[in-house]
Amino acid sequence: MPLWNIYHPVGAYTAEDKQEMATRITDIYTIPRFYVGILFHEQPKESFYMGAVARDDFVRIRLDHFARHISNDSEWTAGWLKKADAAIAPFVRDRGYHYELHVGETPRELWMIDSIRPPRPNSEAEKEWKLENRAAPFDPEKG
Amino acid sequence: MPLWNIYHPVGAYTAEDKQEMATRITDIYTIPRFYVGILFHEQPKESFYMGAVARDDFVRIRLDHFARHISNDSEWTAGWLKKADAAIAPFVRDRGYHYELHVGETPRELWMIDSIRPPRPNSEAEKEWKLENRAAPFDPEKG
Amino acid sequence: MPLWNIYHPVGAYTAEDKQEMATRITDIYTIPRFYVGILFHEQPKESFYMGAVARDDFVRIRLDHFARHISNDSEWTAGWLKKADAAIAPFVRDRGYHYELHVGETPRELWMIDSIRPPRPNSEAEKEWKLENRAAPFDPEKG
Chain Z
977 MPLWNIYHPV GAYTAEDKQE MATRITDIYT IPRFYVGILF HEQPKESFYM
1027 GAVARDDFVR IRLDHFARHI SNDSEWTAGW LKKADAAIAP FVRDRGYHYE
1077 LHVGETPREL WMIDSIRPPR PNSEAEKEWK LENRAAPFDP EKG
Chain F
977 MPLWNIYHPV GAYTAEDKQE MATRITDIYT IPRFYVGILF HEQPKESFYM
1027 GAVARDDFVR IRLDHFARHI SNDSEWTAGW LKKADAAIAP FVRDRGYHYE
1077 LHVGETPREL WMIDSIRPPR PNSEAEKEWK LENRAAPFDP EKG
Chain D
977 MPLWNIYHPV GAYTAEDKQE MATRITDIYT IPRFYVGILF HEQPKESFYM
1027 GAVARDDFVR IRLDHFARHI SNDSEWTAGW LKKADAAIAP FVRDRGYHYE
1077 LHVGETPREL WMIDSIRPPR PNSEAEKEWK LENRAAPFDP EKG
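Residue numbers (the working numbering), protein chains in the order written: chain Z, 977 to 1119; chain F, 977 to 1119; chain D, 977 to 1119.
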């Protein structure tokens, strides 16, 4: 987590484009890099409707991140959206694609990587995971 | 938003079918039409299980809409489900397909179209977006 | 509901593998079997990023289940994750694939199968649905 699902027109992006987009999106985050999942999906025009119009000039992004337990943190939200927009701008706006993005929030508790429930945010164990950039068993007292 | 993901058997729908389905679904809503996203996904039988049975006679719909801050508005819910069911009936029940639909709720705050955070519901700016059927910068006092 | 979306490398699983995986996952649940939906999606390496690295050795699972109205039921959560992990282990860990799984929670009220709003959990009507393993109209007093 987070997980980005990016639905885009057929042929819109090369493998190099997708690599660069994935890097730019991953760079938004301060969490361990391997937490960030990005899935690209080619969506044919006849299967892609916005406002009941078949589109081949649109990128629709749906992502999940963890629910934040701070209600109405509008400053955080505005900042995050700005960063997300900047990360993808070269691949949407700058290429003439319209886009829409929305975020679902899911509970951190129902989450598992390689059979392990990840450590608490900002814990010692999370710092180690970030440093090593992979999941590994950890001492519960550190996580 | 909303965003409909419709997983259906291979070859179940022609481009014309999908266009008509998209129109009928979009017609349920009173929001600006271009808000409504619908993605069709062909799902081969060997990759589509309901009750651990591979199916080619099933349509599985998962959609997101905004969380409503009215708790237990059961009348609204019943009415909405009835409209959704009527919209898709000619393409599921009437063709012998079974279907299941469920809805996830996401926060309106984490939403962006073409780099813009959409105006508040029923605001002046939203009325303009609806009329013009597209996103455009707006005076914050109107949105 | 629940609905599992399993994104996996191209060619990772045969039809038989997917059938067995679907059976093992469905067996976790005590609800009517036909409630459990599982969709497999082949995801090419160049469209599958974890930590900004293109991967063909990773299985990413995102599922929805109903929100539980018991807050912080950490024992239930731990038990459920253990069962989910055991169900998929032969197809991930034991084959050298890494995996990540997370769960979104959705409201039971916004749910429909074949035009019917399913009966309440553990109601008489649900017991009948479970026994017959299909949706059918029911007496509202029993559901």
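Ideal placement from N, C-alpha and C gives every residue a C-beta, glycine not left out.
Per-residue DSSP class, three states only, for MET1081(Z): Residue mapping note: residue 1081(Z) aligns to position 105 of the first sequence, counting from 1. Here residue 1081(Z) turns out to be Glu, not Met, going by the sequence shown. Three-state DSSP puts GLU1081(Z) in a strand.
Cβ-based contacts, 8 angstroms cut-off: residues of the region 986–998 of chain F near chain Z: ALA991, LYS994, GLN995, ALA998
The region 1016–1023 of chain Z / the region 1099–1118 of chain Z touching (three or more Cβ pairs under 8 angstroms): no
Opening and closing residue of the alpha helix (DSSP H) in which ASP1040(Z) lies: Counting from 1 along the first sequence, the entry for residue 1040(Z) is found at position 64. That residue, ASP1040(Z), is in no alpha helix (DSSP H); its beta strand (DSSP E) goes 1034–1042.
Alpha-carbon to alpha-carbon, GLU1022(Z) and LEU1107(D): Locating residue 1107(D) in the third sequence gives position 131, counting from the first residue. Locating residue 1022(Z) in the first sequence gives position 46, counting from the first residue. Spanning the two alpha carbons is a distance of roughly 40 angstroms.
Distance, GLY1027(F) Cα to ALA998(D) Cα: On the third sequence, residue 998(D) is found 22 positions in, with the first residue counted as 1. On the second sequence, residue 1027(F) is found 51 positions in, with the first residue counted as 1. Answer to the nearest angstrom: the Cα atoms are 8 angstroms apart.
Length of the line joining the Cα atoms of VAL1079(Z) and ASP1061(Z): For the purposes of this step, residue 1079(Z) is taken as residue 103 along the first sequence, with counting starting at 1. For the purposes of this step, residue 1061(Z) is taken as residue 85 along the first sequence, with counting starting at 1. Cα to Cα, VAL1079(Z) sits roughly 13 angstroms from ASP1061(Z).
Reduced DSSP secondary structure (H/G/I, E/B, other) of LEU1015(F): For the purposes of this step, residue 1015(F) is taken as the residue at position 39 of the second sequence. Three-state DSSP puts LEU1015(F) in a strand.
With 16 other Cβ atoms within 10 Å as the buried cut-off, status of ASN1098(F): Position 122 of the second sequence holds residue 1098(F). Exposed, since its Cβ has fewer than 16 Cβ neighbours within 10 Å.
Residues near ASP1115(F) in its chain [Cβ-Cβ closer than 6 angstroms; skip 5 each side]: What you label residue 1115(F) is simply residue 139 of the second sequence in a count that begins at 1. Nothing meets the Cβ criterion.
ILE1004(D) (DSSP reduced to helix, strand or coil): Counting from 1 along the third sequence, the entry for residue 1004(D) is found at position 28. Here ILE1004(D) sits in coil by DSSP.
C-alpha gap between ARG1036(D) and LEU1077(D), whole angstroms: Residue mapping note: residue 1036(D) aligns to position 60 of the third sequence, counting from 1. Residue mapping note: residue 1077(D) aligns to position 101 of the third sequence, counting from 1. Roughly 6 angstroms between the two C-alpha positions.
Endpoints, beta strand (DSSP E) assigned at LEU979(F): Numbered from 1 along the second sequence, position 3 holds the residue referred to as residue 979(F). Looking at the DSSP string, the run of the beta strand (DSSP E) that includes LEU979(F) is 979–984.
Assumed close pair HIS1041(Z), MET977(Z) - CB separation to whole angstroms, cut-off 8 angstroms: Indexing the first sequence from 1 puts residue 1041(Z) at position 65. Indexing the first sequence from 1 puts residue 977(Z) at position 1. About 6 angstroms separates the two Cβ atoms, so the contact holds.
Where GLU1018(F) meets chain D, residues with beta-carbon distance less than 7 angstroms: The residue you call residue 1018(F) lines up with position 42 of the second sequence. Result: empty, since nearest Cβ-Cβ is about 11 angstroms, beyond 7 angstroms.
Contacts of VAL1068(D) in chain F (Cβ-Cβ under 9 angstroms): Within the third sequence, numbered from 1, the residue matching residue 1068(D) stands at position 92. Near VAL1068(D) there are no residues of chain F at all, since even the closest Cβ is about 17 angstroms away, more than 9 angstroms.
Local Cβ density within 10 Å of PRO1094(Z), reported as buried at 16 or more and exposed below that: In the first sequence, counting from the first residue as 1, residue 1094(Z) sits at position 118. Looking at its Cβ environment, which holds 16 or more other Cβ atoms inside 10 Å, PRO1094(Z) is buried.
Span of the alpha helix (DSSP H) around ILE1092(F): The residue you call residue 1092(F) lines up with position 116 of the second sequence. Segment: none, ILE1092(F) is in no alpha helix (DSSP H) and carries neither H nor E.
Sequence-distant residues of the same chain with beta carbon closer than 8 angstroms to ARG1044(F), five excluded per side: Your numbering for residue 1044(F) matches position 68 in the second sequence. Only TRP1052, GLU1081 meet the Cβ criterion.
Short CB-CB distance (under 7 angstroms) between GLU1085(F) and chain D: Along the second sequence, read from residue 1 onward, the residue named residue 1085(F) stands at position 109. Closer than 7 angstroms: no.
Chain F contacts from the region 1020–1040 of chain Z (Cβ-Cβ distance under 7 angstroms): GLU1022, SER1023, PHE1024, TYR1025, MET1026, GLY1027, ALA1028, ALA1030, ARG1036, ARG1038
Within chain D, partners of SER918(Z) - CB distance below 7 angstroms: Residue 918(Z) cannot be examined here, being either before or after the span of chain Z that is shown, 977 to 1119.
Local conformation of PHE1024(Z) per DSSP, three classes: Residue numbering aside, residue 1024(Z) sits at position 48 when the first sequence is read from its first letter. Strand, per DSSP.
Contacts that THR1082(D) makes with chain F (C-beta to C-beta distance below 8 angstroms): Here the question's residue 1082(D) lines up with position 106 in the third sequence. Within chain F, the residues near THR1082(D) are HIS1078, VAL1079, GLY1080, GLU1081.
Counted within 10 angstroms of its Cβ, other Cβ atoms place ALA991(F) as buried (16 or more) or exposed: In the second sequence, residue 991(F) corresponds to position 15, counting from 1. Exposed, since its Cβ has fewer than 16 Cβ neighbours within 10 Å.
6 angstroms CB neighbourhood of ARG1031(Z) in its chain, flanking five on each side removed: Indexing the first sequence from 1 puts residue 1031(Z) at position 55. Excluding sequence neighbours, ARG1031(Z) sits near PHE1024.
Among GLY1072(F), ILE1089(F), ILE1092(F), the one whose alpha carbon lies nearest that of SER1091(D): Numbered from 1 along the third sequence, position 115 holds the residue referred to as residue 1091(D). It is GLY1072(F).
DSSP-derived helix/strand/coil call for TRP1060(Z): Numbered from its first residue, the first sequence carries residue 1060(Z) at position 84. Checking the sequence shown, residue 1060(Z) turns out to be Ala, not Trp. Helix, per DSSP.
C-beta atoms of ASN1109(F) and ARG1009(F) nearer than 7 angstroms: Numbered from 1 along the second sequence, position 133 holds the residue referred to as residue 1109(F). Numbered from 1 along the second sequence, position 33 holds the residue referred to as residue 1009(F). For ASN1109(F) and ARG1009(F), yes; Cβs fall inside 7 angstroms.
Any non-hydrogen atom of the ligand SAM closer than 6 angstroms to ARG1000(Z) Cβ: As presented, the structure is devoid of all ligands, the ligand SAM included, so that no description of it is given.
Nearest-angstrom beta carbon gap, VAL986(D) and THR1002(D) [assumed within contact, 8 angstroms]: By one-based count along the third sequence, residue 1002(D) stands at place 26. By one-based count along the third sequence, residue 986(D) stands at place 10. Between VAL986(D) and THR1002(D) the Cβ distance is about 25 angstroms, and since that is not below 8 angstroms, they are no contact.
Buried or exposed (CB count within 10 angstroms, at least 16 for buried), ALA1112(Z): Reading the first sequence from its first residue, position 136 is the one you call residue 1112(Z). Exposed.
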